[in-house]
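One structure below.
There are 2 protein chains.
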Amino acid sequence: MKEKDLRRSLSVLPIGTVMKLTNLTARQIRYYEEQGLVSPERNEGNRRMYSLNDIDLILEIKDYISDGMNISKIKSVYEQREKEAFSRGSNNKLSDQEARRLLSDELLNVGGLNSKDVKSNNSF
Amino acid sequence: MKEKDLRRSLSVLPIGTVMKLTNLTARQIRYYEEQGLVSPERNEGNRRMYSLNDIDLILEIKDYISDGMNISKIKSVYEQREKEAFSRGSNNKLSDQEARRLLSDELLNVGGLNSKDVKSNNSF
DNA sequence: AATCATATGTCATATTATATTACATATTAG
DNA sequence: CTAATATGTAATATAATATGACATATGATT
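Same order as they appear, the protein sequences are chains A and B.
When we follow the working numbering, the leftmost residue of the first sequence carries the number 1, and every step to the right adds one.
When we follow the working numbering, the leftmost residue of the second sequence carries the number 1001, and every step to the right adds one.
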C-alpha cells in the first residue's frame, strides 16, 4: 500500500541507530554511500538521516557482501533494478503530519531483528 | 510473539528521533521523564536512548495531555494500571484495549470537558 | 613474490546534538 | 489574586557525527 511506502521512506534515524540495527560500523555505512549504494538524506545540521528503506537496503548490501559479492557488482545489480522500477513510476504525496503518524505505526511494527551471524532475513 | 517484544524494547532511538516521531520538543519529553512517566535507558555517553515501547508510551501520554489530563493524574493512572496487572499475575497483563478503557474512565472523572485546544488530532 | 585494488580501521579537526541547570512565562487551578 | 503546572529559553559541557587523510589486511593480477 501507498502509505506504507511513505512511512518507510521517512528519514529520522541517525547513523548511530543504523549502526546498532545493522551491526555495521559508521565507516562501512559511509563507504557504501560513497560507492553509490545508499543515499541517506541530510538534516539541517548535515547529519545523515536514514529511513527504514535505507536500513532494508543496507542489510541487503551486508548480505550480498557476506556472500562474497563486491561493491561494484552490488551496485550494478541495483542499477538494473532501478531501470525496472523506473518503468513503472509512482507518485504519492501526504502531509507531514500524516507521514509522521504513519511512520510511527510502521516503526512499531518493525520486524526482523538483525543478528550478526544470522543471514539477515531482511524482513525489516 | 516474543521476538517482537524484544525488538520493541530495544533502546536504539535518540531523543531527536523521538521528537520527530511524536512531534514533541525535547523539553517536553524530558519533562515527562522527570515526572516519572517514561524511563529511557542511557548509553555509555549518557544520552537517552528510547525503544519503540517508549514511543508508544509517549504518544499515549501526549494523547491524554491533549485531552486535558494532567501529568500527576496520568502518573496515578499508570500506577493503578500496574497494580491491576500485578494482581492479575505478571503473566496476564491488561490488554491495550482494557488499558485504554481504564484511562478513559479516569478521564471522565477528571471533571469538566477541558476542551482546551483540540488541535490534538490524536491520530498519532 | 611484488604489485594493485578493495574494504575497513584509525586519527585529527570541526561542527552538531544532547544533557544539565537555571530562570522565564503563559495558562490553569484554588 | 496567587500558586502550581507545563513549557520555553539560554548557558555550559560533553558526546555524536562529518570530513579527510593515512594505514592495513585481504585477495586478485601480473
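The beta carbon of each residue, even a glycine, is placed where N, CA and C say it ideally should be.
Model, not experiment: these values are computed from the prediction.
Assigned with DSSP and collapsed to three states, A:Leu13 falls in strand.
When the beta-carbon positions are compared, B:Thr1025 and B:Ile1055 stay at least 9 Å from each other. In the structure shown, B:Met1069 adopts coil according to DSSP, grouped into three states. The beta-carbon of A:Thr17 is placed less than 9 Å from the nearest beta-carbon of chain B. In this chain, the alpha helix (DSSP H) harbouring A:Arg27 covers Ala26 to Glu34. Annotated three-state conformation of A:Glu44 is coil, per DSSP.
Rounded to whole angstroms, the separation of the alpha carbons of A:Asp67 and A:Lys75 is 15 Å. A residue is called buried once 16 or more other Cβ atoms fall within 10 Å of its Cβ, and B:Glu1060 is buried on that count. Taking a cut-off of 8 Å for Cβ pairs, the stretch 1035 to 1053 of chain B and the stretch 1002 to 1014 of chain B touch, as three or more such pairs fall below it. When only Cα atoms are considered, A:Thr17 and A:Tyr32 end up about 16 Å apart. In this structure, the beta-carbon distance from B:Arg1048 to B:Ile1015 falls below 9 Å. Only those residues of the stretch 1051 to 1071 of chain B whose C-beta falls short of 8 Å from the nearest C-beta of chain A are listed: Leu1052, Ile1055, Asp1056 and Leu1059. A:Glu84 and A:Lys20 have their C-alpha atoms spaced approximately 32 Å apart. Across the structure, A:Tyr50 and A:Ile29 are spaced so that their CA atoms are roughly 11 Å apart.
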